[in-house]
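Student: Going line by line, the protein sequences match chains A and B. If you read the first sequence in this note's numbering, its first letter stands for residue 29, the second for the next number, and so on. If you read the second sequence in this note's numbering, its first letter stands for residue 30, the second for the next number, and so on.
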Amino acid sequence: MKRLSNLQRLWFYRVLTLITTAILVHILAVWAAPRLIMQVLMHGPIAQTMNMQNRAAFPPPVTAAARTVVMPSPDLLYSVCVFDVRDGPVRISANPKLKSYWSIALYAANSDNFFVINDRKSGNKPVDLWLVSGGGSPNTPPIPAGAQVVVAPSRTGFLLMRVLTGDYEAEKAVIEPARHTLTCTPV
Amino acid sequence: MMQTVQVGAWKGNLLAGSPDADMYTRSTIALNALLALGRDETMYFIASQDDAGHPLRSNCSYRVEGVPPKARWWSITAYADDMFLFDAPNQHYSLNGTTARLDTDGRFVFTTGGQEQPGTHWLPTPGRRGMVLTLRLYNPEPELQAAPASLVPPSIKAVGACV
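1. Note the first and the last residue of the continuous beta strand (DSSP E) segment covering Glu204/A.
2. May I ask which residues mark the beginning and end of the alpha helix (DSSP H) holding Ser56/B?
3. Quick one: give me the first and last residue of the beta strand (DSSP E) that Leu188/A is part of.
4. Can you give me the Cβ contacts of Thr149/B inside the same chain, cut-off strictly under 8 Å, excluding the 5 residues immediately before and after it?
5. For chain A, is any of its Cβ atoms less than 8 Å away from the one on Ser123/B?
6. What in chain B is Cβ-close to Asn146/A, meaning under 9 Å?
7. So, with DSSP's three-state summary, where would you put Pro118/B?
8. So, does the CB of Arg158/B fall closer than 8 Å to a CB anywhere in chain A?
9. Does the beta carbon of Pro153/B sit closer than 8 Å to a beta carbon anywhere in chain A?
10. What distance in whole Å lies between the Cβ atoms of Ala93/A and Ala108/A, which are believed to be in contact at a cut-off of 8 Å?
11. Use the C-beta contact count for Ala175/B: other C-beta atoms within 10 angstroms, 16 or more gives buried, fewer gives exposed.
12. Less than 8 Å separating the beta-carbons of Leu187/A and Ile132/A?
13. Under a three-way DSSP split, which group does Phe86/A fall into?
14. Pull up the distance between the alpha-carbon of Trp130/A and that of Tyr41/A, whole angstroms please.
15. Taking CB distances under 8 Å as the criterion, tell me whether Leu63/B reaches chain A.
16. With DSSP as the reference, please indicate the residues paired to Gln81/A in a beta bridge.
17. Taking the DSSP output, what are the residues bridged to Pro169/B?
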């Protein structure tokens, strides 16, 4: 078998390095994309304006002007919170008492939906969630009986409450007070 | 596990929002459907082509017709190719389980396009660009969750010439 010349060997390693780098960059980009998008969602200018760090915020109904998150549903009224369990649990409560669909979904920092509860699952009873860090935190007080403990797979993440509204103007007197029962508070 | 399903012109990703998603699925969902719910809560089907296989265009008119899917509630929303809502002058962005008027056969129908088609619910899609239709099924019935391909897909047919 013919041996490679030094020049051929040099080019072989150059091409190999280029291909390896391209594969690593590709994998890194695919891995990082959802995390970066979530970072912008949770800590970008709009999040700062809405002041939703460990605090519930209540954006207006979706219109064509809504350009924060892709594919917004015009049939849902959204409420949001960025949770941070680094310093202790975050208590999430709500009591919408609506006959139509609503849900509270929790998303990890990598965009995974790791928890959801809706009107049916809750029996349309008050929701009381204690969101805790999987790694534990130094300031965890006793969790009251009756509260549901949810372990967050990441220390920060996003809460999205959806309230169904087929006709917002006709329903807002009912659904606005209902969604404003949402709290998202560090304990 | 099968990740995608296509029924008629509609495609669904069965791992949308799921912690079981691989990194490519997670990245795709983050880019195109961030904050999706898992399929036991909501199923999503997206159509970017009509029934004839032609890409959907906002300057063409389409007649979308079907039966209400087996779910607690449903909606079909028109999005521009940047995945945001069209600036609809009549504020009609979707047809849903509340606004749909069913005919005597239990079917709904609506149209999309730049010009209203008489006698149907109209979702305006101004401009000349690509578009998609998104079908959301809230609390889909267990048999549909188990067999997403059993969805009876709404038909999407081009009507007249594009403008």
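A virtual CB, placed ideally from N, CA and C, is assigned to each residue, including glycine.
Tutor: Concretely, from the data shown:
1. Locating residue 204/A in the first sequence gives position 176, counting from the first residue. Unbroken run through Glu204/A is the alpha helix (DSSP H), 196-207; no beta strand (DSSP E).
2. One-based indexing of the second sequence puts residue 56/B at position 27. Segment 52-61, the alpha helix (DSSP H) holding Ser56/B.
3. By one-based count along the first sequence, residue 188/A stands at place 160. 184-192 is the span of the beta strand (DSSP E), which, as asked, contains Leu188/A.
4. What you label residue 149/B is simply residue 120 of the second sequence in a count that begins at 1. Closer than 8 Å at the Cβ level, and outside the excluded window around Thr149/B, lie Arg92, Val138, Phe139, Thr140.
5. Indexing the second sequence from 1 puts residue 123/B at position 94. Yes, its Cβ sits closer than 8 Å to a Cβ of chain A.
6. Locating residue 146/A in the first sequence gives position 118, where the first residue counts as 1. Asn146/A reaches chain B at Glu70, Tyr167, Asn168, counting residues in chain order whose Cβ is nearer than 9 Å.
7. Residue mapping note: residue 118/B aligns to position 89 of the second sequence, counting from 1. Pro118/B: coil per DSSP, three-state reduction.
8. Counted from its first residue, the second sequence places residue 158/B at position 129. Residue contact with chain A for Arg158/B: absent (no Cβ-Cβ distance below 8 Å to any residue of chain A).
9. Against the second sequence, residue 153/B aligns to sequence position 124. With respect to chain A, the C-beta atom of Pro153/B has no partner C-beta closer than 8 Å.
10. Residue 108/A sits at position 80 when you count from the first residue of the first sequence. Residue 93/A sits at position 65 when you count from the first residue of the first sequence. According to the sequence as given, residue 108/A is Val; it is not Ala. Distance from Val108/A to Ala93/A at the Cβ level is roughly 17 Å; contact not present, criterion being Cβ atoms closer than 8 Å.
11. The residue labelled residue 175/B in the question sits at position 146 within the second sequence. Result: exposed.
12. Sequence index remark: in the first sequence, residue 187/A carries index 159 (1-based). Sequence index remark: in the first sequence, residue 132/A carries index 104 (1-based). Contact flag set, yes.
13. On the first sequence, residue 86/A is found 58 positions in, with the first residue counted as 1. Assigned with DSSP and collapsed to three states, Phe86/A falls in coil, not helix or strand.
14. Walking along the first sequence from the start, residue 130/A turns up at place 102. Walking along the first sequence from the start, residue 41/A turns up at place 13. Roughly 57 Å separates the two Cα atoms.
15. Working through the second sequence from its first residue, we reach residue 63/B at position 34. True, the Cβ-Cβ gap to chain A drops below 8 Å.
16. Counting from 1 along the first sequence, the entry for residue 81/A is found at position 53. Partner(s): Val110/A.
17. Numbered from 1 along the second sequence, position 140 holds the residue referred to as residue 169/B. Answer is Ala100/B.
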